[in-house]
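Participant:
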Amino acid sequence: MKLDGRSMYQQAHDAILAYVEENRNKIDSLPSELEFSKMLGVSRNTVREAIRILEREGVLYSRHGVGTFIIPSKRELSTCISTLESATKIIKDHGYEPGTLSVKTEICTADERIGKYLDIPEGAPVFYIERVRTADGEPVALVRDYIPSQPDIEKEYKTGHTESLLEFLSDKYNISVSHVVCEIKAEISNEELEKSLHLDKPSALLVLEQIHYDSRGQAAFYSDSYFLSEKFHFNVIRKKI
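Written as structure tokens, this is what we have:
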């Protein structure tokens with residue numbers, strides 16, 4: 000297919016969108032910018048701009064050095080990153096049934112990194128939880144939580160926890176999270192994460208490293224959360240000051 004010289008960006012946009020709709024159930028990623036450039040008879044800059052527009056429209060998402068991917072047309076798990084919500088609530092709010100697979104728990108000791116985040120001495124006891132969160136039974140995130148040890152916390156968690164860790168800590172230990180300091184990173188899954196999330200190939204992940212604080216400003220727990228970027232979408236409202 001070739002384009003004429005009128006409204007190149009829009010023509011490229013429409014042609015790529017048509018390609019996506021035609022191949023949505025056949026492929027996950029798109030041809031490279033160079034390949035599209037040859038297919039459409041336009042410059043790579045034109046293709047790049049068309050893809051940017053499609054990203055803004057929620058049709059595609061790109062990962063630097065990895066490729067450009069098609070966002071599934073089903074309901075997406077999307078939330079504003081500035082709002083403190085559990086994964087359980089996000090999943091429920093989008094009409095899915097939240098669940099948990101492969102729960103691992105243990106009482107361990109804080110290493111230097113975890114001790115720093117939780118403001119506790121290195122070697123202090125920590126309750127560790129590793130969970131694969133699901134939406135309608137399908138894995139969407141791997142969450143690793145580190146909580147300063149509380150009386151009988153592992154026993155209480157195993158016998159009476161809800162899907163939401165926030166609810167468990169509030170109900171059992173009167174620990175209420177008031178705010179979170181969050182750092183967001185992008186990673187490509189390794190073999191360990193692929194096994195946990197039931198992936199058959201390397202996939203793009205959004206990693207949230209979060210320190211959860213209570214109303215007194217004390218660290219309640221720390222978590223590393225690995226979200227499948229094709230399933231979870233985080234947004235933020237930015238205001239001019």
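Residue numbers for the sequence shown follow numbering that gives the first Met the number 0, so the first one is 0 and each next one is one higher.
Note that CB positions come from ideal geometry on N, CA and C, so glycine has one too.
Just so we're clear, the structure is a prediction, and the values are computed from it rather than from any experiment.
#1: May I ask you to report which of helix, strand or coil DSSP gives residue 213?
#2: Should the stretch 27-41 be called in touch with the stretch 181-198, which here means at least 3 C-beta pairs below 8 Å?
#3: For residue 127, which three-state DSSP category applies?
#4: Quick check on DSSP: helix, strand or coil for residue 23?
#5: Write down every uninterrupted run of the alpha helix (DSSP H) in the stretch 178-205 whose length is 4 residues or greater and which is fully enclosed by it, in chain order.
#6: Please report the distance separating the alpha-carbon of residue 47 from that of residue 188.
#7: Can you tell me whether residue 144 is buried or exposed? The criterion is at least 16 other CB atoms within 10 Å of its CB, across all chains shown.
#8: In the structure shown, what three-state DSSP assignment does residue 88 receive?
#9: Assign residue 46 to one of three DSSP states: helix, strand, or coil.
#10: Quick one: what's got a C-beta closer than 7 Å to residue 155's C-beta in the same chain, skipping five residues either side?
#11: If we ignore side chains and look at the alpha-carbon of each, how far apart do residue 37 and residue 16 end up?
#12: Would you call the CB atoms of residue 179 and residue 165 closer than 8 Å?
#13: Going by the DSSP bridge assignment, what does residue 147 pair with across the sheet?
#14: Evaluate residue 241 with the Cβ neighbour count: other Cβ atoms within 10 Å of its Cβ, from every protein chain shown; 16 or more gives buried, anything less gives exposed.
#15: Can you tell me which residues form a DSSP beta bridge with residue 31?
#16: Candidates 53, 8 and 116: which alpha carbon is nearest residue 242's?
#17: Secondary structure at residue 64, three-state DSSP: helix, strand or coil?
#18: Assign residue 140 to buried or exposed, taking buried as 16 or more other Cβ atoms, counted over all protein chains shown, within 10 Å of its Cβ.
#19: How big is the Cα-Cα spacing for residue 198 and residue 132?
#20: By the 10 Å Cβ neighbour count, where 16 or more other Cβ atoms means buried, how is residue 211 classified, buried or exposed?
#21: For residue 219 and residue 85, what's the separation of their Cα atoms in angstroms?
#22: Thinking C-alpha only, which one of 173, 200, 223 and 208 is nearest residue 214?
#23: Could you tell me which of 142, 11 and 226 sits nearest to residue 128, measuring between CA atoms?
#24: Check whether the Cβ atoms of residue 6 and residue 68 lie closer than 8 Å to each other.
Facilitator: In this structure, then:
#1: Here residue 213 refers to the residue found at position 214 of the sequence shown. Residue 213: strand per DSSP, three-state reduction.
#2: no
#3: Taking the sequence shown and counting its residues from 1, one reaches residue 127 at position 128. Three-state result, residue 127: strand.
#4: Position 24 of the sequence shown, counting from 1, holds the residue named residue 23. Residue 23: coil per DSSP, three-state reduction.
#5: 190-195
#6: Translated into the one-based positions of the sequence shown, residue 47 becomes position 48. Translated into the one-based positions of the sequence shown, residue 188 becomes position 189. When rounded, the distance between both Cα atoms is 26 Å.
#7: If you number the sequence shown from 1, residue 144 lands on position 145. By the Cβ neighbour-count rule, residue 144 is buried, with 16 or more other Cβ atoms within 10 Å of its own.
#8: Position 89 of the sequence shown holds residue 88. DSSP places residue 88 in helix when its eight states are reduced to three.
#9: Position 47 of the sequence shown, counted from the first residue, corresponds to residue 46. In this structure, residue 46 counts as helix in the three-state DSSP scheme.
#10: Position 156 of the sequence shown, counted from the start, is the residue given in the question as residue 155. Only 171 meet the Cβ criterion.
#11: As a first step, residue 37 is located in the sequence shown; it is residue number 38 there, counting from the start. As a first step, residue 16 is located in the sequence shown; it is residue number 17 there, counting from the start. Residue 37 and residue 16 have their alpha carbons spaced roughly 16 Å apart.
#12: Here residue 179 refers to the residue found at position 180 when the sequence shown is read from its first residue. Here residue 165 refers to the residue found at position 166 when the sequence shown is read from its first residue. It is not a contact, given that the beta carbons lie outside the stated cut-off.
#13: For the purposes of this step, residue 147 is taken as residue 148 along the sequence shown, with counting starting at 1. Answer by DSSP bridge pairing, in chain order: 125.
#14: The structure shown does not extend to residue 241, since the chain spans only 0 to 240, so no value can be given for it.
#15: Reading the sequence shown from its first residue, position 32 is the one you call residue 31. Residue pairing by DSSP leaves residue 31 without any beta bridge partner.
#16: This structure does not reach residue 242, given that the chain is present from 0 up to 240, and the question cannot be answered.
#17: For the purposes of this step, residue 64 is taken as the residue at position 65 of the sequence shown. Note: residue 64 maps to coil in three-state DSSP.
#18: Taking the sequence shown and counting its residues from 1, the one referred to as residue 140 is at position 141. Residue 140 comes out buried.
#19: The count along the sequence shown starts at 1 and reaches residue 198 at position 199. The count along the sequence shown starts at 1 and reaches residue 132 at position 133. Each residue's alpha carbon lies about 14 Å from the other.
#20: Here residue 211 refers to the residue found at position 212 when the sequence shown is read from its first residue. When all chains shown are included, residue 211 counts as buried.
#21: Within the sequence shown, residue 219 is the residue found at index 220, counting from 1. Within the sequence shown, residue 85 is the residue found at index 86, counting from 1. Their backbone Cα atoms lie some 15 Å apart in a straight line.
#22: Counting from one through the sequence shown, the residue named residue 214 turns up at place 215. Answer by Cα proximity: 173.
#23: Residue numbering aside, residue 128 sits at position 129 when the sequence shown is read from its first letter. Nearest option by C-alpha distance: 142.
#24: Looking up residue 6 in the sequence shown gives position 7. Looking up residue 68 in the sequence shown gives position 69. Contact: no.
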